[in-house]
Each structure stands twice: as C-alpha cells, then as structure tokens.
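Novice: Here the working numbering is used: the first residue of the sequence shown is 317, the next is one more, and so on. Dropping a structure here in structure tokens format, bear with me for questions.
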Amino acid sequence: MKFFNLRIWIIAFLAILPLSANADSGLPFSAEENADGARFVWYVLQRSGMEFDYLPADHFPESPSFRAIEHGLQDTGDVAWWPHLMAIYDPNFPKARELPLDVAIVTAKGPLSLTRLEEKMGPAIFYRYGKSAK
C-alpha cells in the first residue's frame, strides 16, 4: 500500500513540472548541480518518501537502496540510468500531457523520449527503490 501511495505522489509531482527547459522550475538546485540528473531524481524521490543518500549518476549503481530490474519491467518511479545521466521513468506522463507514448523519461528540464535516449546512449538500466541493505 505504501509503495502505491509513493507512485501516486510521484505522478502528481511530475504533473506540475514545466514542459519547457527554459521555464522557472522552482527546484532547489541549479542546472549545474543537476547536470547528470541525479539531483532531480534524488529530490523528487526523497519528496515522495523514499529515503536514500544522494549519489551522482556515475556512482548511483552503488546505492544499497536500489536494485537493477529487467528492462521492460520498469514502472512509475523507477530510475532510468546511463553512466552520465539519470531520470525518472513515468509511463503515465505522456498520457496526461498528450505526448507520444515513448516520452516517459522525466527530467528537471522536461520530458524526454526513451527511444531517442536509448538510440543515442544505449539501453537504459532501470533501478527500483527498496529498503536499504544497511
């Protein structure tokens, strides 16, 4: 039940984000601090109740709070990761905004196409939050 509520909160939070990279997002970090997307992911997921330490994208796979999941099994709130970029996966985002269905990667700059990102950077590795092993 708690995880379902977290997903609902993430969907609601992402729905209020601007669609423009130039829009004033009101987020508590600069574009430079979020160059790899890690600060945005940490901020949104922390606000939804997921407790974990901030790690930049290049160290994110070391997080004891997330586990890799099989590509194709990703769901709302999972983290899409590449070595120098990470974002939040939300398949509901394009439906709510009348965007193409592959625009399911949400960043502080706005939504991105998973297909195009994977064509450019290779397949994403998806991570799902779970209780820390600490």
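The beta-carbon is built from N, C-alpha and C at its ideal position, and this holds for glycine as well. Keep in mind the model is a prediction, meaning the values are calculated, not measured.
1) Roughly how far, in whole angstroms, is the beta-carbon of A373 from the beta-carbon of F442, given that I think they are within contact range, below 8 Å?
2) Pull up the distance between the alpha-carbon of G388 and that of D406, whole angstroms please.
3) Just curious, the beta strand (DSSP E) that A354 is in, first and last residue?
4) Return the Cβ separation of T423 and N408 in integer angstroms, given the expectation that the two are a contact with Cβ distance under 8 Å.
5) If we count the other Cβ atoms within 10 Å of its Cβ and call it buried at 16 or more, is M402 buried or exposed?
6) Just to confirm, are L417 and P427 a CB contact at a threshold of 8 Å?
7) Ignore the nearest five residues each way along the sequence and tell me which others in P439's own chain have a CB closer than 7 Å to its CB.
8) Name the DSSP bridge partner or partners of Y405?
9) Ordered along the chain, which non-local residues of its own chain (more than five positions away) have a Cβ less than 8 Å from that of R383?
10) Span of the alpha helix (DSSP H) holding L433?
11) Starting from A384, trace the beta strand (DSSP E) in both directions and tell me its first and last residue.
Specialist: With the given structure in hand:
1) Actually they are not in contact, since the Cβ atoms of A373 and F442 sit about 14 Å apart, beyond 8 Å.
2) 13 Å
3) No beta strand (DSSP E) contains A354, which is instead part of the alpha helix (DSSP H) from A354 to R363.
4) With 8 Å as the limit, T423 and N408 do not qualify as a contact, their Cβ atoms being about 16 Å apart.
5) buried
6) no
7) H387
8) Y405 pairs with I421.
9) Y443, R444 and G446
10) L430 to M437
11) Run containing A384: F382 to I385, per the beta strand (DSSP E) assignment.
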